[in-house]
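**Q**
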Amino acid sequence: RDARLVDGLLADGFVVVDGLVLATDAERRAARAEAESVDKAGRLEATIQQAAGTRDDRIAWVSAADLDASGCPTLAALARLQRGLAAAINADGRWRERLTVPAASMLACYGAGGRYKWHRDNHWTDDGAAG
0 RDARLVDGLL
10 ADGFVVVDGL
20 VLATDAERRA
30 ARAEAESVDK
40 AGRLEATIQQ
50 AAGTRDDRIA
60 WVSAADLDAS
70 GCPTLAALAR
80 LQRGLAAAIN
90 ADGRWRERLT
100 VPAASMLACY
110 GAGGRYKWHR
120 DNHWTDDGAA
130 G
């Protein structure tokens, strides 16, 4: 299975793993409830991108351990999965760069009618480097 992740990455430049996370309604409801609990605890803050009109969510950077300690096991599992996916791709060795994952994951919550304008934080240059 790990080799297929890298096969897709090499062929397309991105990987989609269908059904890997939040496959059931119960999982989706649990993740939403946990995110809302973090928001209600006052841990999410507005971003500077709101001034530019790019997004209007509130975010927090959280680790899997922090999420576990906050009673958010579903979100903690997602944070651990993020690190595991990069580890699997790195172990394969065929991808041109070593993937790194921050120690914390970004949790974002949008209000009703929230917006996120499509944008790219980084782009690939002609020499294959992220710029």
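All residue numbers for the sequence shown refer to the numbering used here, where the first residue is 0 and numbers rise by one.
Think of the CB as a built atom: it goes at the ideal place given N, C-alpha and C, for glycine as much as any other residue.
None of these values were measured; they are calculated from a predicted model.
1) Would you report the Cα separation of Leu19 and Glu44, rounded to the nearest angstrom?
2) Thinking C-beta only, is Arg114 closer than 8 Å to Asp55?
3) Measure how close the beta-carbons of Leu21 and Ile88 come, nearest whole angstrom, since I'm counting them as under 8 Å.
4) Provide the residue(s) that pair with Val61 in DSSP beta bridges, ordered along the chain.
5) Roughly how far, in whole angstroms, is the beta-carbon of Thr73 from the beta-carbon of Ala30, given that I think they are within contact range, below 8 Å?
6) Can you check whether the CB of Cys108 is closer than 8 Å to the CB of Arg57?
7) Could you pull out every residue in the same chain whose Cβ sits closer than 8 Å to the Cβ of Ala25, ignoring the five residues on either side in sequence?
8) Specify, as a first and last residue, the run of the alpha helix (DSSP H) that His4 falls within.
9) Could you tell me the distance, in whole angstroms, from the CA atom of Val16 to the CA atom of Asp1?
10) In its own chain, which residues sit with a C-beta less than 8 Å from the C-beta of Leu9, not counting the 5 before and 5 after it?
11) To which residues of the same chain is Lys116 closer than 6 Å at the C-beta, ignoring the five residues directly before and after it?
12) Along the chain, where does the alpha helix (DSSP H) containing Arg42 start, and where does it finish?
**A** Walking through what the data contain:
1) Along the sequence shown, one-based indexing puts residue 19 at 20. Along the sequence shown, one-based indexing puts residue 44 at 45. Roughly 29 Å between the two C-alpha positions.
2) Taking the sequence shown and counting its residues from 1, the one referred to as residue 55 is at position 56. Taking the sequence shown and counting its residues from 1, the one referred to as residue 114 is at position 115. Closer than 8 Å, so yes.
3) Sequence index remark: in the sequence shown, residue 21 carries index 22 (1-based). Sequence index remark: in the sequence shown, residue 88 carries index 89 (1-based). In fact, because the Cβ distance is near 21 Å, the residues do not count as touching under 8 Å.
4) For the purposes of this step, residue 61 is taken as the residue at position 62 of the sequence shown. Looking at the DSSP assignment, Val61 forms a beta bridge with Ser104.
5) Numbered from 1 along the sequence shown, position 74 holds the residue referred to as residue 73. Numbered from 1 along the sequence shown, position 31 holds the residue referred to as residue 30. Right, the Cβ-Cβ distance comes to about 5 Å (below 8 Å), so this counts as a contact.
6) Stepping through the sequence shown from its first residue, residue 57 is reached at position 58. Stepping through the sequence shown from its first residue, residue 108 is reached at position 109. The answer is yes: Cβ separation under 8 Å.
7) Start at 1 with the first residue of the sequence shown, and residue 25 comes out as number 26. None.
8) Residue mapping note: residue 4 aligns to position 5 of the sequence shown, counting from 1. The residue you asked about is not His; residue 4 is Leu in the sequence shown. Start and end: 1-11.
9) Residue mapping note: residue 16 aligns to position 17 of the sequence shown, counting from 1. Residue mapping note: residue 1 aligns to position 2 of the sequence shown, counting from 1. Going by the C-alpha atoms only, they are around 11 Å apart.
10) As a position in the sequence shown, residue 9 is number 10, starting the count at 1. Answer for Leu9: Arg93, Trp94, listed in chain order.
11) Residue numbering aside, residue 116 sits at position 117 when the sequence shown is read from its first letter. Only Thr53 meet the Cβ criterion.
12) Sequence index remark: in the sequence shown, residue 42 carries index 43 (1-based). Here Arg42 belongs to no alpha helix (DSSP H), and DSSP marks it neither H nor E.
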